[in-house]
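Numbering (this note's numbering), first residue to last: 370 to 702. Read the structure below first, then the notes.
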Ligand SMILES: Nc1ncnc2c1ncn2[C@@H]1O[C@H](COP(=O)(O)OP(=O)(O)OP(=O)(O)O)[C@@H](O)[C@H]1O
Ligand SMILES: [Mg+2]
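Next up, the structure:
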């Protein structure tokens with residue numbers, strides 16, 4: 370593993386994934402880093418740092434350096450990336466790899482620059498940027514260089530983006546700063562407001578995955594959860610049902626529908642016709658929300674399907690672009 374010279378990085382709001390040439394995916398870790406408040410020394414990154422959340426003394430800060438797909442804490446992002454690069458490359462890290470990094474289509478020039486600089490400062494020798502919907506399309510084996518329109522909808526922890534790719538580039542796109550993390554916050558608030566119940570992040574995610582649905586279920590499902598009663602401070606358990614969770618999720622579903630509609634509105638008509646023929650592909654881990662493809666198919670009137678490897682097609686596509694740089698030259702910058 371030590372002599373990998375080419376990498377691809379998907380620096381997401383929730384997860385950071387690294388791909389290495391001839392190896393494939395080398396690392397998937399939460400985008401979290403534990404830093405000594407004074408001096409800024411990195412103590413841990415990824416799941417190790419995430420486990421420390423809420424359990425550390427004052428002199429250790431747990432930081433999520435990426436928000437809405439953008440770098441919000443530059444030093445912490447560099448520290449986290451350096452940690453991960455050392456983990457996957459060993460001493461070869463010192464030689465400085467060439468890296469393809471994915472960026473959400475809605476990032477400003479300044480935000481893109483911050484991603485590029487952070488990866489360079491973490492030890493890369495050369496950095497290329499690729500729009501994440503383009504990378505997803507490559508990863509989903511869509512022939513992106515053909516002059517036909519294909520639509521990719523990427524839903525992650527911090528963004529919902531829809532993009533039409535054709536002739537090797539993004540022709541139209543819209544990006545909302547929303548996604549799985551904001552949904553988790555809404556669920557957490559709901560449990561506090563309705564049941565005076567405080568729960569941990571893992572419970573919230575479990576509720577979303579087990580009971581979350583984009584279309585109301587014919588047969589209501591239930592799930593028992595436990596947390597702390599906010600009034601009495603004591604442990605408390607209760608049963609939630611899929612109908613109430615659906616109502617909490619509904620505003621985010623409206624956002625996904627809107628982002629797709631707005632993208633289609635700014636897409637040239639010939640390409641819209643292609644999309645009607647070929648359908649829309651969903652990628653990103655948050656797009657695994659139950660029945661999301663069904664909802665979008667109904668609302669948009671075009672067949673929508675979840676990519677087989679929805680969680681990994683962005684990083685795989687970025688890796689393919691890194692490995693075949695000449696082929697994808699005009700799709701990267
Ligand atoms: N089965 C599932 N159903 C619904 N949501 C899910 C499921 N599995 C994972 N998620 C959510 O997906 C989100 C993470 O998605 P992903 O890893 O694609 O994001 P990211 O790439 O880190 O972020 P972004 O691209 O938005 O910057 C989390 O909010 C997680 O809770
Ligand atoms: Mg992502």
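Heads up, the beta-carbon is just placed ideally off N, CA and C, and yes, glycines get one too.
Check whether the Cβ of residue 598 sits closer than 7 angstroms to any heavy atom of ligand 2, and report yes or no.
-> Result no, Cβ not under 7 angstroms from ligand 2.
Let me know if residue 379 comes out buried or exposed under the rule of 16 or more other beta-carbons within 10 Å of its beta-carbon.
-> By the neighbour-count definition (other C-beta atoms within 10 Å, threshold 16), residue 379 is a buried residue.
Element boundaries [beta strand (DSSP E), containing residue 368] | The structure shown does not extend to residue 368, since the chain spans only 370 to 702, so no value can be given for it.
Could you tell me whether any non-hydrogen atom of ligand 2 is closer than 7 angstroms to the CB of residue 653?
-> Yes.
Selection from 409, 479, 403 and 426 that minimises the alpha carbon distance to residue 415 = Closest in alpha carbon position to residue 415, among 409, 479, 403 and 426, is 403.
Which of helix, strand or coil does DSSP assign to residue 570?
-> Collapsing the DSSP output to three states places residue 570 in a helix.
Which value, in whole angstroms, describes the spacing of the CA atoms of residue 507 and residue 597?
-> If you take the alpha carbons of residue 507 and residue 597, they lie about 45 angstroms apart.
Which stretch, first to last residue, makes up the beta strand (DSSP E) that contains residue 604?
-> Residue 604: member of the beta strand (DSSP E) spanning 604-610, first to last residue.
According to DSSP, which residues form a beta bridge with residue 496?
-> For residue 496, DSSP records a beta bridge to 468.
Nearest to residue 407 by alpha carbon, out of 428, 387, 572 and 640?
-> Of the candidates 428, 387, 572 and 640, 428 places its Cα closest to the Cα of residue 407.
Note down the Cα distance separating residue 384 from residue 505, rounded to an integer number of angstroms.
-> If I take the Cα positions, the gap works out to 16 angstroms.
Have a look at 494, 467 and 498 and flag the residue whose alpha-carbon is nearest the alpha-carbon of residue 716.
-> No answer is possible for residue 716: it lies beyond the span of the chain, which begins at 370 and ends at 702.
Hey, how far is the Cα of residue 677 from the Cα of residue 489?
-> Going from the Cα of residue 677 to the Cα of residue 489 covers about 32 angstroms.
Pick out whichever of 593, 561, 588 and 586 has its Cα sitting closest to the Cα of residue 576.
-> Checked all of 593, 561, 588 and 586; the closest Cα to residue 576 is 593.
Can you tell which of 659, 672 and 613 has the C-alpha that lies nearest to the C-alpha of residue 642?
-> The alpha carbon of residue 642 has as its nearest neighbour, out of 659, 672 and 613, the alpha carbon of 672.
Would you call residue 685 buried or exposed, if buried means 16 or more other Cβ atoms sit within 10 Å of its Cβ?
-> Result: buried.
Where does residue 424 land, buried or exposed, given buried means 16+ other C-beta within 10 angstroms?
-> Around the beta-carbon of residue 424, fewer than 16 other beta-carbon atoms lie within 10 Å, marking it exposed.
7 angstroms CB neighbourhood of residue 555 in its chain, flanking five on each side removed | These residues qualify, in order along the chain: 617.
Give the DSSP-derived three-state secondary structure of residue 370 in the structure shown.
-> Since pLDDT at residue 370 reaches only 49, below the 50 mark, its modelled position is unreliable, and the value read off the structure follows with that caveat. The answer is coil: DSSP assigns residue 370 none of H, G, I, E or B.
Is residue 706 near ligand 2, judged by its Cβ being under 7 angstroms from some heavy atom?
-> Examination of residue 706 is not possible in this model, given that the chain is present from 370 through 702 alone.
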